[in-house]
Structure formats: structure tokens, C-alpha cells
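In this note's numbering, the protein residues as written are 680 to 1090.
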């Protein structure tokens, strides 16, 4: 029979063991340290707020979004269904089905000027964001720095941080005023490894000219940098031409160019995009795609192929429709006292917020509360975006008119 003291010792031992178990559990229940500086998108938070307001029965004029106003084409939908009927439902090559990659390579040659691209240089991804993610992961090491023109699409900085690298923000306004080469040189260091190059830009609608692209290309070559090119809005340029930086002399070997089906073909929810790169980058992309998603849903890839084969004339028509919406919104905002440069591309206007409030978060909150107009605070896109609001015009003509009228009444 155990003594009283044995019982006390046994209880104490059990308590210590329980405490150690709890301590060990708490120690295990933590995130990887590399995620400490990775946040969630403010844009998603605002989108969720709009959903809540609408669920409560309130009408909201939605200028906060980044989705095309038109529906996915019937040809694309039918291609998905047909692929399923024909049992094209098995594993596909993780880099993408051959006919889609071939179509993409041809498109890159004819529309993007990449004459030396081959099918082996193309990989299909789960949207443009996935293409960007694997691109940063493929080339960045801990401590590397990435030059990013700012204001910038918000997830980019977090993607860079997730690769344990450091985003360095280069004000676009300063660069265009002082000269891109001089400004990039000012912000570059010995740790600079890559440059993120987005044109047309989200959120400002800036489109870099061929001369500016050549300047950036020369800088990248002089500094031996990798360029991560984001061409999500390549088909939405209203003034000037879209220039793929990888098409310039000496750039194909040091550029990873990323694309999406979301904006051109209204396929945001389908989650399909692609990247183009030479070796050794393509080997890295293939590894990362293989072990992150093992490729894109097979039927969705056949739908993407149909989009590329059938959308030719639609791209031109949609661009005219976006331009009509752009002009209506920007002129309407100007009539209401908002200072707003005419965006040359994408589907966003980026007026100054000072008509409402100098603090862009305050301005966005005021417009949502008083006019039920949803916008994105400019500061979400970096410090250089403060004092601005992003209005998306990928919506209906009547919705733009109604939103402008709501602003007129509220202001």
C-alpha cells in the first residue's frame, strides 16, 4: 500500500507531467517565423465589409472591386462541360496540358513580342497570384531585397516577405519625375536581387512606355537583377501600347513574366494563369507548382484554351467598353471636385482623397457611411498611395452613374 507521502509525490509528478504536456503543446502551436511579417489583404477586409452591409439589406455602390463587369463567355463554360463529358478529368502534367501551353507560347510570340519563347518556357498556374508567388519563391533568398514601384498591388509586399526577403518601395511619381534610372539607383543596394515590374499598374492605372521599359531593362542588366513582370492588365491599355519587358533585348533570360485569365476573359473564379521563363528559373517554377498544387484543374485548362481560341474580337470590344466606363467615372469625379489623373490602363481610377479627407482610410469610411460608396483607401497600396482612393470602374454604366449621384448628394 502506498504511503501518504508516496501519494503526494505521485500527484505532484502527474501535475508536473501535465504542465510539461501543456507547455509542449503551446510550444508546438505556433506559426513559422517567416509568416510573422505577412498580413492579410486590406482589400479582402473591405470586400467582406461590403458583403456584410449588403447582407443586412443596405445598398452599396461597389467601386472597391477588381473583377470584370461581364460574365465568362458561353464558349468557355461549354469547354469545361465538354472536357468533363469526354472524361478529361484525370491528372494533367503539373506544368499544364500541352495544347494550352502551345497556345500560350504562340500568343506570347504574336502579341507580346517574345520571339524566342517555346512551349518549355511556359507553365500554367492557379491564377496570376500563384504565378507571382512561385516566382518570388524561386529566386529570392533570406535577406534579398526587391525593388517595387509604389503604389503597388498590396499582396506583392507580403509575397516578398513570405520568401524572407525585403520589399523596397520606389515611388512611381518620383521615378517618372526624376528619371527611372536615377531613382532606381537611389533605392538599390548591394542586397538588391530582383525588381517587380507591373504595367499597367494597379492601383494607379499607370502604363510604362517603351522608353521607360527600356530604361528599367538596362538598369536590370547593369545590376544583374531578375525582373518579375506582372502583366495582369495587358489587354486593358487605352493610351499607348503594352510593352512586355521580356521582349526587349537581353531580358528573356532574366525575366519571369506572369499573366492571368482573370481580367481579359472574366475568369476570376476559375483560378488559372501562367508564367513564362527561361532556365534555371523554369526548373524552380516547376518544382514549386508541383509541390504546391500539382497543377491546375484539368477541365479548367481546357476552358482556358477555349478562351484563348475564341476571345479575339471580344478583347477589342471589351477594351472600348472599359474606356467608356473610365471616361464616365473620371470626368464625373472631376465634376465633383476630385482631382484625378486619367488612367492609361487597367480598370481603376486613383483620385486624391482630400476632397473628403486627407487620411485615405477616413475618406473611404466617410464615403461608405454617408454615400454607401465603397472604395479602397490609397494607403493600402503603400505610403505613396496615401491621400488617394481607388475607384474600380469594372462595373455597369448605370452603377457608375448611380454611384456618382450618391456622391453628389452626400458631398
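Ideal Cβ placement from N, Cα and C applies to all residues, glycine included.
Everything numeric in this text was worked out from a predicted model, so none of it was measured.
Checklist entry - How many Å lie between residue 1032 and residue 923 at the Cα? => result Residue 1032 and residue 923: Cα-Cα distance of roughly 32 Å.
Item to check | As assigned by DSSP and simplified to three states, the class of residue 917 | outcome: Residue state, collapsed to three classes: coil.
Checklist entry - By the 10 Å Cβ neighbour count, where 16 or more other Cβ atoms means buried, how is residue 1055 classified, buried or exposed? => result By the neighbour-count criterion, in which 16 or more other beta carbons inside 10 Å mark a residue as buried, residue 1055 falls on the buried side.
Checklist entry - Does the distance from the C-beta atom of residue 1063 to that of residue 830 stay below 8 Å? => result Yes, the pair counts as a contact, with Cβ atoms nearer than the cut-off.
Item to check | Neighbour-count burial assignment, residue 865, 16 or more Cβ in a 10 Å radius | outcome: Around the C-beta of residue 865, fewer than 16 other C-beta atoms lie within 10 Å, and the residue is accordingly described as exposed.
Item to check | residue 1049: first and last residue of the uninterrupted alpha helix (DSSP H) it sits in | outcome: Residue 1049 -> alpha helix (DSSP H) spans 1039 to 1049.
Checklist entry - Counting pairs of beta carbons, one from the segment 964 to 978 and one from the segment 802 to 817, are three or more of them closer than 8 Å? => result Short answer: they touch.
Checklist entry - Should residue 955 go down as buried or exposed, given a rule of 16 or more other Cβ atoms within 10 Å for buried? => result Looking at its Cβ environment, which holds 16 or more other Cβ atoms inside 10 Å, residue 955 is buried.
Item to check | Whole-number beta carbon distance between residue 910 and residue 1091, since they are thought to touch under 8 Å | outcome: With the chain covering 680 to 1090 only, the question about residue 1091 has no answer from this structure.
Checklist entry - How many whole angstroms separate the CB atoms of residue 1028 and residue 885, which I take to be in contact at a CB cut-off of 8 Å? => result Wrong, their Cβ atoms sit about 12 Å apart, outside the cutoff.
Checklist entry - Thinking C-alpha only, which one of 1009, 992 and 744 is nearest residue 1053? => result Restricting attention to 1009, 992 and 744, the CA atom closest to the CA of residue 1053 is found in 744.
Checklist entry - Can residue 894 and residue 867 be called in contact, C-beta distance under 8 Å? => result For residue 894 and residue 867, no; Cβs fall outside 8 Å.
Item to check | Beta bridge counterpart(s) of residue 769 as assigned by DSSP | outcome: Bridge pairing for residue 769: absent [DSSP].
Next on the checklist: Quick check: what's the CA-CA separation for residue 640 versus residue 979?
Outcome noted: One cannot answer for residue 640 here, as it falls past the ends of the chain, which runs 680 to 1090.
Item to check | Through-space distance from residue 1080 to residue 737, alpha-carbon basis | outcome: Answer to the nearest angstrom: the Cα atoms are 18 Å apart.
Next on the checklist: Can you tell me where the alpha helix (DSSP H) holding residue 834 begins and where it ends?
Outcome noted: Annotation for residue 834: the continuous alpha helix (DSSP H) segment containing it runs 834 to 841.
Checklist entry - Is residue 827 helix, strand or coil when you go by DSSP? => result When secondary structure is reduced to three states using DSSP, residue 827 falls in the strand class.
Item to check | Classification of residue 768 by the beta-carbon crowding that lies within 10 angstroms, buried from 16 upward | outcome: Around the C-beta of residue 768, fewer than 16 other C-beta atoms lie within 10 Å, and the residue is accordingly described as exposed.
Next on the checklist: Does the contact criterion of 3 or more C-beta pairs under 8 Å hold for the segment 716 to 732 versus the segment 825 to 842?
Outcome noted: The segment 716 to 732 vs the segment 825 to 842: in contact.
Checklist entry - Among 742, 779 and 1012, which residue has its Cα nearest to the Cα of residue 797? => result Checking every option, the nearest Cα to that of residue 797 belongs to 779.
Item to check | Own chain partners of residue 1019 with C-beta closer than 8 Å, once the 5 adjacent residues on each side are dropped | outcome: Contacts found: 1009, 1012, 1013, 1028, 1029, 1030 and 1031.
Checklist entry - What is the residue span of the alpha helix (DSSP H) that residue 778 lies within? => result According to the DSSP assignment, residue 778 belongs to the alpha helix (DSSP H) that extends over 777 to 791.
Checklist entry - residue 824 to residue 842, Cα distance in whole Å? => result When only Cα atoms are considered, residue 824 and residue 842 end up about 10 Å apart.
Checklist entry - Going straight from the alpha carbon of residue 1100 to that of residue 754, what length do you get? => result Because residue 1100 is not part of the residues shown, which for the chain are 680 to 1090, the question remains open.
Next on the checklist: Taking its Cβ as the centre, do 16 or more other Cβ atoms sit within 10 Å of residue 822, making it buried, or is it exposed?
Outcome noted: Residue 822 comes out exposed.
Item to check | Helix, strand or coil at residue 809 according to DSSP, with G and I counted as helix | outcome: If DSSP states are grouped into helix, strand and coil, residue 809 belongs with the helices.
Next on the checklist: Could you pull the DSSP bridge partners for residue 1024 from this structure?
Outcome noted: Bridge partners of residue 1024: 916.
Item to check | Outcome for residue 914 when other beta-carbon atoms lying within 10 angstroms are tallied against a minimum of 16 | outcome: Looking at its Cβ environment, which holds 16 or more other Cβ atoms inside 10 Å, residue 914 is buried.
Next on the checklist: Does residue 1082 come out as helix, strand or coil in the three-state DSSP assignment?
Outcome noted: Helix, per DSSP.
Checklist entry - Since residue 858 and residue 900 are thought to touch, with beta carbons under 8 Å apart, how far apart are those beta carbons, to the nearest angstrom? => result So it is not a contact: roughly 17 Å between Cβ atoms.
Checklist entry - Hey, quick one: how far does the beta strand (DSSP E) through residue 935 stretch, first residue to last? => result For residue 935, the uninterrupted beta strand (DSSP E) segment begins and ends at 934 to 939.
Item to check | Cβ-Cβ distance between residue 945 and residue 751 below 8 Å | outcome: Cβ distance < 8 Å, so residue 945 and residue 751 count as in contact.
Checklist entry - Whose C-beta lies closer than 7 Å to the C-beta of residue 1045 among residues of the same chain, with five residues either side of it excluded? => result Beyond the five residues adjoining it in sequence on each side, residue 1045 comes within less than 7 Å, by CB distance, of 1035 and 1036 in the same chain, given in chain order.
Checklist entry - Alpha carbon to alpha carbon, what distance is there between residue 1085 and residue 1016? => result Straight through space, the alpha carbons of residue 1085 and residue 1016 are spaced by roughly 14 Å.
Checklist entry - Quick one: complete alpha helix (DSSP H) runs, 4+ long, within the segment 704 to 752? => result You should have 721 to 734.
Checklist entry - What are the boundary residues of the beta strand (DSSP E) that includes residue 804? => result Its beta strand (DSSP E) spans residues 801 to 804.
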